[in-house]
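Each residue of the sequence shown is one higher than the one before, starting from 2 at the first, in my numbering. Below is one structure, written out as C-alpha cells, with a few remarks after it.
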Amino acid sequence: MNTVGILGGGQLARMLALAGAPLGLRFLVLDSVADACAGQFAPLLHADYTDHDALARFAARVDVATFDFENVPATSAQWLAQRVPVFPNPRALAVAQDRLAEKSLFRELGIPVPAFADIATRADLDAAIARIGTPCILKTRRLGYDGKGQFRIGAGIGNRESGIGKGDVDAAWAALGAQAGTVGLILEAFVPFQREISVVVARARDGEFRAWPLTENWHEHGILAASLAPATVAADIAETAVAYARAVAQSLDYVGVFALELFLADGQLLANEMAPRVHNSGHWTIEGAETSQFENHLRAVLGLPLGSTRMVGHACMLNWIGQLPDAHGVLADPCGHWHDYGKSPRAGRKVGHATLRADRPAELADSLRRVGDALDRRRQVGPVIARLDAYTAS
Ligand code: AMP
C-alpha cells in the first residue's frame, strides 16, 4: 500500500484521489484552506505551504509527494524533496512557475514563442514596447493564472474579455508596475491566433513518454470554458506539438503529467505556457481516453508502467464556473458525464465540469446541442459545435 501526498487540495487532488482508488492507493492532502474539496475523499492536513513542521509531518506519512497546485513555493518543494521523493522535481516546478524561465527554456529548445522581454522598470517597459510593438500583453512572471495578473496594451484587443485589464502603457504600469519588484513582469507580443491548443503528456520515472491527442480550448474571461478532443488539426501540427512537449519533458527530467499550452497562428504553433500538473484541458481523459491523466500521473510518480493514452471516441469538456447548472440535462444525455467538485458557489470559481463523449463527431455535436439547450448554455457550446460541423462537412 502506497500513500501519495498531494500539495494542494482542490479538484485536481480530488480527481487524483478518485483515480487512485482502484490502484489501492491512499492519499494525504496538504492545503492552506480548511475545507479544500479533496478533503472530502482524502485526509487533509490544514497548514501553510511554508510551515516546515507541517511539511515534516506530511513527509513522515507519505511515500511520494506531488502537486495539485503549481504555486507551492519552490523552496518548500526543495525542502520536501530532501525527505521524500517529489515528482515533478522542484527544478521543473520552479521553471514552470516563472513565465520568463519557461519561455526562455522553450526558446532554448527551439520551440517558437511570442516575442517577450523581462520587465523590471518602467524604462524597460518602454524599451520593450518599442522593440515588440503593440498590441502586447504585460503579465506577472509568477502567481498569475486564468488571465489574472495580465494587462493588454494597445487598441482593438481583448474587448470581449471583461475580466482582463486593458488600456495604454500608463494604465498597464499603474495596474502591474508595483509587482515588478515582487513577482516580476514579462511583456509578450499579442498573438492573433486562430486556435488555442494544449497537449497533455505523461513521462514516467524511466523516461517512458506518452501524449494524449491534442485538445482545442475556448476561454471566457480568461478561464477555460470548453475543450474538444481530439482537436481537428492536421497530423503534422499534432506531431509537432507532441515533439515540443517531449523536448520540454526530457530537458526538465519531468516525471508525471503536464500540459503545454500553445497558440495556432497561421499554421504555426507558438508555446504560451506549461502547467506542471494534471490540467483542466485534460479532464476529458476520464471518460474519453483509455487511461485518464489522473491515473497516468499516479502511475508515473509511483514508478508504475503508463497506461494507453488512446482516445475512446470524441469528447468535449464543459467547465462550470461560479455555480453548477442543473445536472439533469447532462445526466439524461446518452453522452453525458457529470462532475461536481463539492465546492460552494463563488464567482470565477471552477465548481464542476461535464464531459460529453460520443463515437462520432456528428453525434458529439448533437449531444452538445441538446445539452446547450437544456442547460441554457448555447454560447458556451456554440464554438465547439461550429468546429465539429465544419470538420464533419470537410
Ligand atoms: P495565460 O494565463 O498565459 O494562459 O493567458 C490566459 C489567456 O490569455 C490565454 O488562454 C489566451 O487566450 C490569452 N493570451 C495569453 N497570452 C497571449 C498572447 N501572447 N497573445 C494572445 N493572447 C494571449
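Cβ atoms here follow ideal geometry from the backbone N, Cα and C, with glycine treated the same way. None of these values were measured; they are calculated from a predicted model.
Between the beta-carbon of Val63 and the beta-carbon of Leu29, is there less than 7 Å? On the sequence shown, residue 63 is found 62 positions in, with the first residue counted as 1. On the sequence shown, residue 29 is found 28 positions in, with the first residue counted as 1. Their beta carbons are under 7 Å apart, which means Val63 touches Leu29 by this criterion.
DSSP has Asn320 in a bridge; who is on the other side? Taking the sequence shown and counting its residues from 1, one reaches residue 320 at position 319. BP columns for Asn320 point to His354.
Would Thr241 and Leu270 be called neighbours here (beta carbons separated by less than 7 Å)? As a working mapping, residue 241 is identified with position 240 in the sequence shown. As a working mapping, residue 270 is identified with position 269 in the sequence shown. Contact flag set, yes.
What separation, rounded to the nearest whole angstrom, lies between the Cα atoms of Asn90 and Asn3? Taking the first residue of the sequence shown as 1, we reach residue 90 at position 89. Taking the first residue of the sequence shown as 1, we reach residue 3 at position 2. Those two C-alpha atoms are separated by around 19 Å.
Are the Cβ atoms of Cys336 and Leu357 separated by less than 7 Å? Mapped onto the sequence shown, residue 336 falls at position 335. Mapped onto the sequence shown, residue 357 falls at position 356. Against a cut-off of 7 Å, the Cβ pair of Leu357 and Cys336 comes out as a contact.
Taking C-beta to C-beta, are Ala116 and Ala181 nearer than 7 Å? Looking up residue 116 in the sequence shown gives position 115. Looking up residue 181 in the sequence shown gives position 180. Contact: no.
His475 Cβ short of 6 Å to the ligand AMP heavy atom set: It is not possible to answer for residue 475, since the shown part of the chain is limited to 2 through 395.
From the DSSP output, in three-state form, read off Leu144 for me. In the sequence shown, counting from the first residue as 1, residue 144 sits at position 143. Here Leu144 sits in coil by DSSP.
Considering only residues of the stretch 36-95, which uninterrupted beta strand (DSSP E) runs meet the minimum length of 3 residues and lie entirely inside it, listed in chain order? Taking only runs of at least 3 residues, the beta strand (DSSP E) segments lying wholly in the stretch 36-95 are 45-47, 65-68.
Note down, in chain order, each residue of its chain lying with its Cβ closer than 8 Å to the Cβ of Ala22, except the 5 sequence neighbours on either side. The residue given as residue 22 occupies position 21 in the sequence shown. Closer than 8 Å at Cβ, skipping near neighbours: no residue.
Apply the 10 Å Cβ neighbour rule to Asp374 and answer buried if 16 or more other Cβ atoms are within range, or exposed otherwise. Taking the sequence shown and counting its residues from 1, one reaches residue 374 at position 373. Asp374 comes out exposed.
Between the C-alpha atoms of His315 and Leu46, what's the straight-line distance to the nearest angstrom? Residue numbering aside, residue 315 sits at position 314 when the sequence shown is read from its first letter. Residue numbering aside, residue 46 sits at position 45 when the sequence shown is read from its first letter. One C-alpha to the other measures close to 38 Å.
Within the present structure, is the beta-carbon of Val201 separated from the nearest heavy atom of the ligand AMP by less than 6 Å? Here the question's residue 201 lines up with position 200 in the sequence shown. Checking every heavy atom of the ligand AMP against the Cβ of Val201, none is found closer than 6 Å.
Would you call the CB atoms of Thr135 and Gly155 closer than 7 Å? Reading the sequence shown from its first residue, position 134 is the one you call residue 135. Reading the sequence shown from its first residue, position 154 is the one you call residue 155. Yes, the Cβ-Cβ distance between Thr135 and Gly155 is below 7 Å.
Tell me the DSSP secondary structure of Glu288 in three-state form. On the sequence shown, residue 288 is found 287 positions in, with the first residue counted as 1. In this structure, Glu288 counts as helix in the three-state DSSP scheme.
Hey, would you say Gln324 sits closer than 7 Å to Ala226, going by beta carbons? Within the sequence shown, numbered from 1, the residue matching residue 324 stands at position 323. Within the sequence shown, numbered from 1, the residue matching residue 226 stands at position 225. Their beta carbons are not under 7 Å apart, which means Gln324 does not touch Ala226 by this criterion.
Comparing alpha-carbon positions, which option in His222, Val201, Lys351, Glu221 lies nearest Ala212? Mapped onto the sequence shown, residue 212 falls at position 211. The option with the nearest alpha carbon to Ala212 is Val201.
Report yes if the C-beta of Val249 is less than 6 Å from at least one heavy atom of the ligand AMP; otherwise report no. Stepping through the sequence shown from its first residue, residue 249 is reached at position 248. No, Cβ of Val249 sits at least 6 Å from all heavy atoms of the ligand AMP.
Exposure label - Val313; buried when at least 16 CB within 10 Å: On the sequence shown, position 312 is the one that residue 313 refers to. It counts as exposed.
Is the separation between the beta-carbon of Gly283 and that of Trp321 shorter than 7 Å? The sequence position of residue 283 within the sequence shown is 282, counting from 1. The sequence position of residue 321 within the sequence shown is 320, counting from 1. No. Outside cutoff.
Pick from Asp52, Ser395, Glu103, Leu8 that is closest to Val234, judged by C-alpha positions: For the purposes of this step, residue 234 is taken as the residue at position 233 of the sequence shown. It is Ser395 whose Cα lies nearest to the Cα of Val234.
7 Å CB neighbourhood of Gly40 in its chain, flanking five on each side removed: Against the sequence shown, residue 40 aligns to sequence position 39. The answer, listed in chain order, is Gly10, Val30.
For Phe210, which residues from the same chain have a beta carbon less than 7 Å from its beta carbon, with the 5 sequence-adjacent residues on both sides left out? Working through the sequence shown from its first residue, we reach residue 210 at position 209. Excluding positions up to five away in sequence, the list reads Val202, Arg204, Arg247, Ala250.
Host alpha helix (DSSP H) of Asp127 (start-end): Stepping through the sequence shown from its first residue, residue 127 is reached at position 126. Where Asp127 is concerned, the enclosing alpha helix (DSSP H) stretches over 123-133.
Beta-carbon within less than 7 Å of Arg100's beta-carbon, same chain only, minus the 5 sequence neighbours each way: which residues are those? Position 99 of the sequence shown, counted from the start, is the residue given in the question as residue 100. Only Lys140, Arg142, Ile187, Glu274 meet the Cβ criterion.
Please find out if some non-hydrogen atom of the ligand AMP comes closer than 6 Å to the beta-carbon of Ile138. For the purposes of this step, residue 138 is taken as residue 137 along the sequence shown, with counting starting at 1. Ile138: yes, Cβ under 6 Å from the ligand AMP.
Whole-number beta carbon distance between Val114 and Phe88, since they are thought to touch under 8 Å: In the sequence shown, counting from the first residue as 1, residue 88 sits at position 87. In the sequence shown, counting from the first residue as 1, residue 114 sits at position 113. Contact flag wrong, Cβ pair sits at about 26 Å.
Going by DSSP, what residue range makes up the beta strand (DSSP E) through Ser105? The residue given as residue 105 occupies position 104 in the sequence shown. Note, Ser105: premise wrong, no beta strand (DSSP E); alpha helix (DSSP H) at 100-109.
Per DSSP, what kind of secondary structure is Val192 in: helix, strand or coil? Within the sequence shown, numbered from 1, the residue matching residue 192 stands at position 191. In this structure, Val192 counts as coil in the three-state DSSP scheme.
Do Asn1 and the ligand AMP come close, with the Cβ less than 6 Å from some heavy atom? The first residue shown for the chain is 2 and the last is 395, placing residue 1 beyond what the model contains.
Going straight from the alpha carbon of Tyr50 to that of Ala173, what length do you get? Taking the sequence shown and counting its residues from 1, one reaches residue 50 at position 49. Taking the sequence shown and counting its residues from 1, one reaches residue 173 at position 172. When the Cα atoms are used, Tyr50 and Ala173 turn out to be separated by approximately 31 Å.
Using only alpha-carbon positions, find the residue among Ala276, Ala239, Gln151, His338 that is nearest to Glu288. Numbered from 1 along the sequence shown, position 287 holds the residue referred to as residue 288. Of the listed residues, the one whose Cα sits closest to Glu288 is His338.
Leu265 versus Ile112 - alpha carbon distance: Within the sequence shown, residue 265 is the residue found at index 264, counting from 1. Within the sequence shown, residue 112 is the residue found at index 111, counting from 1. Their backbone Cα atoms lie some 13 Å apart in a straight line.
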